[in-house]
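One structure below.
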Amino acid sequence: MKRALIVGDVGVGKTGMTIRILCDALSKGYSRDITIVDMAPRSMEYQGRRIGGCISEMIKLPRDVRYLQPKGIVAPRLSASSPSQLLLMVEANRRSIEPLLREFLDDPTPILFVNDVSIYFQSGCYKAVFDALEASKTFIGNGYYGSSLSFDYGTGVSKVERYLMELLLSKMDIVINLSETPKTAEPI
-15 MKRALIVGDV GVGKTGMTIR ILCDALSKGY SRDITIVDMA PRSMEYQGRR IGGCISEMIK
45 LPRDVRYLQP KGIVAPRLSA SSPSQLLLMV EANRRSIEPL LREFLDDPTP ILFVNDVSIY
105 FQSGCYKAVF DALEASKTFI GNGYYGSSLS FDYGTGVSKV ERYLMELLLS KMDIVINLSE
165 TPKTAEPI
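Each residue of the sequence shown is one higher than the one before, counting from -15 in the working numbering.
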């Protein structure tokens, strides 16, 4: 069993790295063994640059890859204009994502990719993700783990999301934090 999670702040390349790993698995002939649960909203502009996005926006997937993508996913902290609207968006996202996790659990594949798992965690729910993690032999996921999107109108959504991301991180064999500055060797 291998479990890897790619984390970092907004716009650091989490989805891009996930796609590179996915393409490597596809090139090795694993397409029939792969399910992708793509929880990400469509890409958008944030502070002058393109962020996020669905895997299907970035690459053409082979037909034999099971690609599960909910409809109508939004980025609540970037889209909401009030606390109540933010909470409604978070709940709508959860309701859209959960059936896809159940679909995977009903018929798991050995390899599971999850794009933007943190958006599901904003709801405070986590069991379906952890069950999916256990049902797969290989898990590769990514999620937001930063500070630039901390404003949540005082709803606590950001705190819950971070706590559940830390819980998921504790279950990983490999963690790649793209927000960390690489350490360089001291000059001799």
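Glycine included, C-beta positions come from ideal geometry on N, C-alpha and C.
Item to check | Contact set for residue 98: own chain, Cβ-Cβ below 6 angstroms, skip 5 residues either direction | outcome: In the sequence shown, counting from the first residue as 1, residue 98 sits at position 114. Taking C-beta separations shorter than 6 angstroms and ignoring five residues to either side along the sequence, the partners of residue 98 in its chain run 21 and 125, following chain order.
Item to check | For residue 39, three-class secondary structure by DSSP | outcome: Residue mapping note: residue 39 aligns to position 55 of the sequence shown, counting from 1. The three-state secondary structure of residue 39, taken from DSSP, is helix.
Checklist entry - Apart from the five residues just before and just after residue 110, which ones in its own chain have a Cβ nearer than 6 angstroms to its Cβ? => result The residue labelled residue 110 in the question sits at position 126 within the sequence shown. A distance below 6 angstroms between beta-carbons, with the five flanking residues on each side excluded, links residue 110 to the following residues of its chain, in chain order: 148.
Next on the checklist: If I measure Cβ to Cβ from residue 117 and keep anything under 6 angstroms in the same chain, skipping five residues before and after, which residues do I get?
Outcome noted: Position 133 of the sequence shown holds residue 117. Closer than 6 angstroms at the Cβ level, and outside the excluded window around residue 117, lie 123.
Next on the checklist: Here's the rule: buried if 16 or more other CB atoms are within 10 angstroms of the residue's CB, otherwise exposed. What is residue 142?
Outcome noted: Along the sequence shown, one-based indexing puts residue 142 at 158. Counting other Cβ atoms within 10 Å of its Cβ, residue 142 reaches 16 or more and is therefore classed as buried.
Checklist entry - Going by alpha carbons, who is nearest to residue 27 out of 158, 41 and 81? => result The residue given as residue 27 occupies position 43 in the sequence shown. Minimum Cα distance to residue 27 is reached at 41.
Checklist entry - With DSSP run on the structure shown, which of helix, strand or coil describes residue 113? => result Indexing the sequence shown from 1 puts residue 113 at position 129. Here residue 113 sits in helix by DSSP.
Item to check | Among 84, 112 and 65, nearest to residue 135 - alpha-carbon criterion | outcome: Position 151 of the sequence shown holds residue 135. Per the Cα distances, 65.
Checklist entry - What are the boundary residues of the beta strand (DSSP E) that residue 12 is part of? => result Position 28 of the sequence shown, counted from the start, is the residue given in the question as residue 12. Where residue 12 is concerned, there is no enclosing beta strand (DSSP E), given that its DSSP letter is neither H nor E.
Checklist entry - Nearest-angstrom Cα distance between residue 51 and residue 152? => result Within the sequence shown, the letter at position 67 stands for residue 51. Within the sequence shown, the letter at position 168 stands for residue 152. C-alpha separation (whole angstroms): 22 angstroms.
Checklist entry - If residue 48 sits next to residue 16, beta carbons under 8 angstroms apart, how far is it from one beta carbon to the other, in whole angstroms? => result Here the question's residue 48 lines up with position 64 in the sequence shown. Here the question's residue 16 lines up with position 32 in the sequence shown. Confirmed, Cβ separation roughly 5 angstroms.
Item to check | Own chain residues within Cβ distance below 7 angstroms of residue 139, not counting five before or after | outcome: Taking the sequence shown and counting its residues from 1, the one referred to as residue 139 is at position 155. Same-chain partners within the cutoff: 67, 70 and 71.
Item to check | Endpoints, beta strand (DSSP E) assigned at residue 105 | outcome: Here residue 105 corresponds to residue number 121 of the sequence shown, with the count starting at 1. Counting along the chain, no beta strand (DSSP E) covers residue 105; the unbroken alpha helix (DSSP H) around it starts and ends at 102 to 105.
Item to check | Sheet register partners of residue 97 (DSSP bridge) | outcome: Locating residue 97 in the sequence shown gives position 113, counting from the first residue. Residue 97 is bridged to 20 and 124.
Checklist entry - Does the Cβ of residue 107 have 16 or more other Cβ atoms within 10 Å, making it buried, or fewer, making it exposed? => result Within the sequence shown, the letter at position 123 stands for residue 107. Residue 107 is buried by the Cβ-count criterion.
Checklist entry - Which term fits residue 100, buried or exposed, when burial requires 16 or more other beta carbons within 10 angstroms of its beta carbon? => result Working through the sequence shown from its first residue, we reach residue 100 at position 116. Buried: at least 16 other Cβ atoms inside 10 Å.
Checklist entry - So who's on the other strand from residue -14, going by DSSP bridges? => result Counting from one through the sequence shown, the residue named residue -14 turns up at place 2. For residue -14, which the question treats as bridged, DSSP gives the partners 122.
Checklist entry - Relative to the alpha-carbon of residue 133, which residue among 87, 73, -5 and 91 has its alpha-carbon at the smallest distance? => result Here the question's residue 133 lines up with position 149 in the sequence shown. Taking the Cα of residue 133 as reference, the smallest distance to any Cα among 87, 73, -5 and 91 is reached at -5.
Checklist entry - Hey, how far is the Cα of residue 120 from the Cα of residue 79? => result Sequence index remark: in the sequence shown, residue 120 carries index 136 (1-based). Sequence index remark: in the sequence shown, residue 79 carries index 95 (1-based). In this model, residue 120 and residue 79 are separated by some 22 angstroms (Cα to Cα).
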